[in-house]
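Protein chains in written order, with the numbering used here: chain A, 1094 to 1178; chain B, 432 to 602.
For each residue, glycine too, the CB sits at the ideal point set by N, CA and C.
These numbers were taken from a predicted model, which means no experiment stands behind them.
Input: a single structure, listed below in structure tokens.
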Amino acid sequence: MYSVAYTDVVQLGFILVGLWIAVPFAIQHKGVGSIVTTWPQWRGHVEKSEIVGWIDGILLLVFGGIPWQVSLFSIAFEMQLWIYF
Amino acid sequence: MVVHAGGLVAIVIFYIAILLVGIWAGRKQKSSEKSPDTEEIMLAGRNIGLLVGIFTMTATWVGGAYINGTAEQVFSTGLIACQAPLGYAISLVVGGLLFARPMRNAGYVTMLDPFQRKYGQRMGGLLFIPALLGEVFWSAAILSALGATISVIFTDISTTTSVVISGRNRF
């Protein structure tokens, strides 16, 4: 578990650095427009008839995610500090 | 075969870094504990630091599948329809507020433990099935993300081939 935890740190570091390195290249690509003017396209929308399904999806992620991570919650001793506030 | 050299170098560096850190962490564990039991191995003795704790909890969700999937979803259906980041973030908060302390105090390792203790081993075995299925399909998502990475480096092979290659390398 120590090795999993520490390789996780390295993995997240790579993701953080790698994605920021990719940003300038992505911006300069000719297929990429302004993030402001394309807002209506990448915002997306949820139809009125889809709202219930959308809420269902969020509930699935929220409460389905708990058994997934609950073993990790009991790992870190210091995590208890969080719970107090 | 067309190979993207920069991408290949980046992957090799990444795997070497992961390997070295893994070996280093394994040695650290051995020197601190002579004969670690299951709980020591699974939960690192419930005693890893705050910073490493935050990183490893974040990395539970944020991996290749999460990053690729979020980008794909925002591009194809838009930000509002991209539920995973929001849902998993709320999930962490809810889990921390409601489950972390009781689970820890009772000495549970996974979510199956309280059910097994209350309803017996048969129920524990039954609940193991959905947990196993969840892990299997999660692995499929991870393999798909790895395949996407491989297909960037070897540009002229199909997605299926690249998923198979990355799967072979992973196991």
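For the putative contact between L1154/A and Y519/B, defined by C-beta atoms under 8 Å, what is the C-beta separation to the nearest angstrom?
With a Cβ gap of about 6 Å, L1154/A and Y519/B count as contacting.
Distance, Cα to Cα, M554/B vs G538/B?
19 Å
Reduced DSSP category for V434/B - H, G, I as helix; E, B as strand; rest coil:
Of the three classes helix, strand and coil, the one that applies to V434/B here is strand, per DSSP.
Spatial distance of L1152/A from E1140/A (CA atoms):
18 Å
Could you tell me whether any Cβ in chain A is nearer than 7 Å to the Cβ of V483/B?
yes
Within 7 Å (strictly less), CB to CB, does Y519/B reach chain A?
yes
Identified DSSP bridge partners for F585/B
V434/B
Please compile the residues from chain B whose C-beta is within a distance smaller than 9 Å of the C-beta of G1124/A.
In chain order: nothing, as chain B lies at least about 11 Å away.
Using a Cβ-Cβ cut-off of 8 Å (strictly less than) and excluding sequence neighbours within five positions of G526/B, which residues of its own chain qualify?
none
For Q514/B and Y446/B, I'd like the C-alpha separation in whole angstroms.
If you take the alpha carbons of Q514/B and Y446/B, they lie about 30 Å apart.
Can you find a CB in chain B that lies within less than 7 Å of the CB of K1141/A?
no
Which residues in chain B sit within 7 Å of D1101/A, going by Cβ to Cβ distance?
F486, T487 and A490
Please work out which residues of its chain come closer than 7 Å, Cβ to Cβ, to G578/B, disregarding the five sequence neighbours upstream and downstream, and give them in chain order.
The beta carbon of G578/B sits closer than 7 Å to those of T590, S593, V594 and S597, all from its chain and outside the five residues before and after it, given in chain order.
Beta-carbon proximity list for G576/B, same chain, < 8 Å, skipping 5 on both sides:
One detail in the question is off: residue 576/B reads as Ala in this sequence, not Gly. Excluding positions up to five away in sequence, the list reads G494, G495, A496, I498, N499 and G500.
May I have the straight-line CA-CA distance separating I1176/A from P516/B, to the nearest angstrom?
Note on I1176/A: pLDDT 40, under 50, position unreliable in the model; the coordinate value appears next. The alpha-carbon atoms of I1176/A and P516/B are separated by roughly 22 Å.
Quick one: list the residues of chain A neighbouring V440/B, beta-carbon separation under 9 Å, in chain order.
Result: empty, since nearest Cβ-Cβ is about 13 Å, beyond 9 Å.
Would you say Q1104/A faces chain B, with C-beta separation under 7 Å as the test?
Interface with chain B (7 Å Cβ-Cβ cutoff): Q1104/A is included.
Helix or strand or just coil, what does DSSP make of T580/B?
helix
Tell me whether I1185/A sits in a helix, a strand or coil according to DSSP, three-state version.
Absent from the model: residue 1185/A. The displayed extent of chain A is 1094 to 1178, so no value can be given.
Between which two residues does the alpha helix (DSSP H) harbouring Q514/B extend?
Run containing Q514/B: none; DSSP gives neither H nor E here.
Report yes or no: is there a C-beta of chain B within less than 7 Å of the C-beta of P1117/A?
no
Output, in chain order, the set of chain A residues within a Cβ distance shorter than 8 Å of T508/B.
G1137
Extent of the continuous alpha helix (DSSP H) run through E503/B
G495 to S507
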